[in-house]
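Only one structure is covered here, and it is reproduced in the block below.
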Amino acid sequence: MKVSRIIAIGLIAAAAIICIIFAAGVSPAASHETDSPPEQDEPTRAELVTSALAAAYPRRVEKTEFREGTGGAIGDWAVLIRDVWYYYADGKLLPEELLENANDYSPIPFYNYQRELPPWREPSADQTARYRERGSSSPRNSRRRSPHFFDALWRGHDRDEAYERGKSIRFLGHTVTVHYGILEELALVEEHILAAAKTDPQVQPWINAINEIEGWSWRNVANSRSRSYHSYGIAIDILPKSLGGRETYWLWASERRPDWWNIPYEDRFHPPDAVVKAFESYGFVWGGKWPYFDTMHFEYRPEVFFLNGMDLATLR
Ligand SMILES: [Zn+2]
9 MKVSRIIAIG
19 LIAAAAIICI
29 IFAAGVSPAA
39 SHETDSPPEQ
49 DEPTRAELVT
59 SALAAAYPRR
69 VEKTEFREGT
79 GGAIGDWAVL
89 IRDVWYYYAD
99 GKLLPEELLE
109 NANDYSPIPF
119 YNYQRELPPW
129 REPSADQTAR
139 YRERGSSSPR
149 NSRRRSPHFF
159 DALWRGHDRD
169 EAYERGKSIR
179 FLGHTVTVHY
189 GILEELALVE
199 EHILAAAKTD
209 PQVQPWINAI
219 NEIEGWSWRN
229 VANSRSRSYH
239 SYGIAIDILP
249 KSLGGRETYW
259 LWASERRPDW
269 WNIPYEDRFH
279 PPDAVVKAFE
289 SYGFVWGGKW
299 PYFDTMHFEY
309 RPEVFFLNGM
319 DLATLR
């Protein structure tokens, strides 16, 4: 009797242990979203980018999900805008019918962007070689950035359609045409700049020195086949009456200085820090932080901040 009782207790204990192991093994899987790719624990770049886009443009991106592939194709993360799915496709964000031509396009840069301007450092030999190579390559040979996602996002597939989205506003005393979708953000940026002008001695002189502000302009990025964000009216250039001998744009600078990448910050025209912060805190990246610097340029790309772990409100 005693032996059979010990066996029974043993069996119950073994069953309990098996149950615990089984439960431990199953529960993380059970907590996965049903539309996640299988056997994927860490979010992929595709998931991170599509989620950042959904968070950045909540009124424009309707949905983001992992879409199963058809006909043996592997699935991909995608975002839905006005009934069309744009697949991540290594950062190209292409509609389904263009996935087979993905090689025709270069990815949209969802680049590293730092909270503070990093200290000036001379570029490495590798970096210098890349700058030199880009300077000598013909734009006709380069692939263009896929425009499909941003065309749909801002509803500007061609010049006329993009022009329809423009509104002319007064900004820091100048007239500028921008997309109607960023009017409130720009009004708030202006409010912050004007508030900063009361306390920061650099800001009012910078405002007074503005010669012109350019927003909407249907065009490609200079020296490339990629559509500029000015085409949608979500980028603005703020140019002073005089650059005072400093440089503002790498391409213009390269005509005077073939080694434009060696131009230190003090020789570049930088807006006051408070101005850059005002723009950034409403989702505008500043071109002065790009290696291919464009210090007059601000562009509305809130997803870039999200992908770099920045909450806009903390930038104020
Ligand atoms: Zn610009």
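Under my numbering, think of the first position of the sequence shown as 9, with each following residue one higher. Think of the CB as a built atom: it goes at the ideal place given N, C-alpha and C, for glycine as much as any other residue.
Alpha carbon of residue i to alpha carbon of residue j, nearest angstrom
| i | j | result |
| --- | --- | --- |
| Ala110 | Glu198 | 40 Å |
| Thr303 | Thr256 | 5 Å |
| Gly317 | Pro115 | 21 Å |
| Ala81 | Tyr119 | 28 Å |
| Leu320 | Leu180 | 22 Å |
| Trp226 | Tyr65 | 22 Å |
| Val92 | Phe314 | 24 Å |
| Asp84 | Arg75 | 6 Å |
| Leu102 | Thr58 | 12 Å |
| Thr52 | Glu104 | 20 Å |
| Glu50 | Leu56 | 10 Å |
| Pro280 | Trp214 | 7 Å |
| Phe158 | His165 | 9 Å |
| His182 | Lys285 | 20 Å |
Neighbourhood of residue i by C-beta distance below 6 Å, restricted to the same chain and skipping five residues each side
| i | result |
| --- | --- |
| Phe306 | Ile244, Phe287, Phe292 and Trp294 |
| Ala282 | Ala204, Asp208 and Val211 |
| Ala62 | Val69 and Thr72 |
| Gly296 | His278 and Thr303 |
| Leu88 | Glu70 and Lys71 |
| Arg324 | Ser289 |
Cβ separation of residue i and residue j, assumed to be a contact under 8 Å, to the nearest whole Å
| i | j | result |
| --- | --- | --- |
| Tyr113 | Arg153 | 7 Å |
| Arg163 | Glu169 | 6 Å |
| Tyr121 | Val312 | 5 Å |
Per-residue DSSP class, three states only, for residue i
| i | result |
| --- | --- |
| His187 | strand |
| Gly181 | coil |
| Lys297 | helix |
| Phe292 | strand |
| Ala31 | Model confidence at Ala31 stands at a pLDDT of 43, short of 50, so the residue's coordinates are unreliable and nothing is read from them. |
| Ile201 | helix |
| Lys2 | A query on residue 2 cannot be resolved here, the shown segment of the chain reaching from 9 to 324 and no further. |
| Pro36 | Confidence in Pro36 is poor, its pLDDT being 40 and thus under 50, which makes the residue's placement unreliable; the coordinate value appears in the next sentence. Three-state result, Pro36: helix. |
| Pro310 | helix |
Buried or exposed (CB count within 10 angstroms, at least 16 for buried), residue i
| i | result |
| --- | --- |
| Ile242 | buried |
| Ser6 | With the chain covering only 9 through 324, there is no way to say anything about residue 6. |
| Trp223 | First, the residue type needs correcting, since residue 223 is Gly and not Trp in the sequence shown. Buried. |
| Lys100 | buried |
| Tyr95 | buried |
| Ser132 | exposed |
| Arg309 | buried |
| Thr78 | exposed |
| Leu194 | buried |
| Tyr273 | exposed |
| His238 | buried |
| Ala86 | buried |
| Arg276 | buried |
| Leu191 | exposed |
Any non-hydrogen atom of ligand 2 closer than 7 Å to residue i Cβ
| i | result |
| --- | --- |
| Ala243 | Of the ligands this structure carries, namely ligand 1, none is ligand 2. |
Contacts around residue i, its chain only, beta-carbon distance under 7 Å, and the 5 residues preceding and following it disregarded
| i | result |
| --- | --- |
| Asn228 | Ser234, Arg235 and Ser236 |
| Gly253 | none |
Neighbourhood of residue i by C-beta, 8 Å cutoff - its chain only, sequence neighbours within 5 removed
| i | result |
| --- | --- |
| Trp269 | Pro131, Gln135, Thr136, Tyr139, Trp258 and Pro299 |
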